[in-house]
Amino acid sequence: MQLQQIASLLAPFLPPPGLSQSQLQCVSNHLDLLLQWNSKINLTSVRSREEIVTRHFGESFFLAHNLFSNGPMSQSANESIEVSRSLVPGLCAIDLGSGAGFPGLPLKIYVPNLRVTLIESQNKKATFLKEVVRKNRLTNINIFSGRAGAFAASLSPSGPVRSAQLVTMRAVERFQQILPLAASLLSPQGRLALLIGSSQVSCAHTLLPLLVWQPPIPVPLSRSRVLLIAQPK
180 MQLQQIASLL APFLPPPGLS QSQLQCVSNH LDLLLQWNSK INLTSVRSRE EIVTRHFGES
240 FFLAHNLFSN GPMSQSANES IEVSRSLVPG LCAIDLGSGA GFPGLPLKIY VPNLRVTLIE
300 SQNKKATFLK EVVRKNRLTN INIFSGRAGA FAASLSPSGP VRSAQLVTMR AVERFQQILP
360 LAASLLSPQG RLALLIGSSQ VSCAHTLLPL LVWQPPIPVP LSRSRVLLIA QPK
């Protein structure tokens, strides 16, 4: 798939000028690897290249832009866009249940200076994530091959975990069990960002009543998907 075609498919999810050429190349590399590996392990049920770009990458970049939309967005030199979106030194993000890398890897592509940890319990999927990281030469990114509970225990076995300024989740299994754990990984000034179905919004509010929830943001090209963001009080 040509880079320009990828850019066109991502246009509903990002304001102009969109991604730089190097960022689009990272998307292309990830997409190619995803299609290759998907014949061996079940990374996604979506088979169409176009639908993978819109449903997986588009949704993830939509999250990234809504979290990191500050900074000049109208540079004439497209490559300089990466710099304006990466002025977050020391900021740490944790992506729970990364699977095929969403939203964690697009988030890293969008904000290159972000320190990212991808948590994936299935070894084969974790191996795939490592291959994408290697192919795209991404730095300051860690892949934890294990369950989120084990990751939390490894950070703070004797007390509450407060480690990340951003925790993300998308299409995870056992949503009701994982969501409180995700919130426990937040720093006091952190943000929790969920890509979920609109029917799950009330459940999230009920499970985490002590967080301050923003109104759900509808995901483009979707009838029921929303971005839900919360912060500790």
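Numbered per my numbering, the sequence shown spans residues 180 to 412.
Backbone N, C-alpha and C define an ideal beta-carbon position, used for all residues, glycine too.
What are the start and end residues of the beta strand (DSSP E) that includes residue i?
i    : result
E299 : 294 to 299
A372 : 365 to 376
F323 : 320 to 324
A190 : No beta strand (DSSP E) holds A190; DSSP gives it neither H nor E.
Given a threshold of 16 other Cβ atoms within 10 Å of its Cβ, counted over all protein chains shown, does residue i qualify as buried or as exposed?
i    : result
K304 : buried
L193 : buried
P195 : exposed
Q202 : buried
L404 : Leu is not the amino acid found at residue 404; the sequence shown has Arg there. That one is buried.
H209 : buried
I260 : In this prediction, I260 has a pLDDT of 38, which is less than 50 and means its spatial position is unreliable; what the coordinates show is noted afterwards. Buried, since its Cβ has 16 or more Cβ neighbours within 10 Å.
S187 : exposed
H384 : exposed
I154 : The structure shown has nothing for residue 154, since the chain only spans 180 to 412.
K287 : buried
P191 : exposed
P388 : exposed
S199 : buried
Could you give the residue range of the alpha helix (DSSP H) that holds residue i?
i    : result
T385 : 380 to 386
F307 : 302 to 314
P285 : 283 to 289
A331 : 327 to 334
Q181 : Per DSSP, Q181 belongs to no alpha helix (DSSP H) and is neither H nor E.
On the DSSP bridge list, what partners appear for residue i?
i    : result
M348 : L275, L373
A343 : L365
V206 : Note: V206 sits in no beta bridge, so no partner.
R404 : G376
Q410 : V391
P359 : Note: P359 sits in no beta bridge, so no partner.
P397 : V405
Just confirm the distance between the C-beta atoms of residue i and residue j, as a whole number of angstroms; I'd bet it's less than 8 Å.
i    : j    : result
P411 : L358 : In fact, because the Cβ distance is near 14 Å, the residues do not count as touching under 8 Å.
A372 : T347 : 5 Å
Y289 : F247 : 7 Å
K309 : I322 : 6 Å
R413 : S300 : Absent from the structure is residue 413, since the part of the chain shown begins at 180 and ends at 412.
Could you tell me which whole alpha helix (DSSP H) segments of length 4 or greater appear in the segment 216 to 240? 228 to 231
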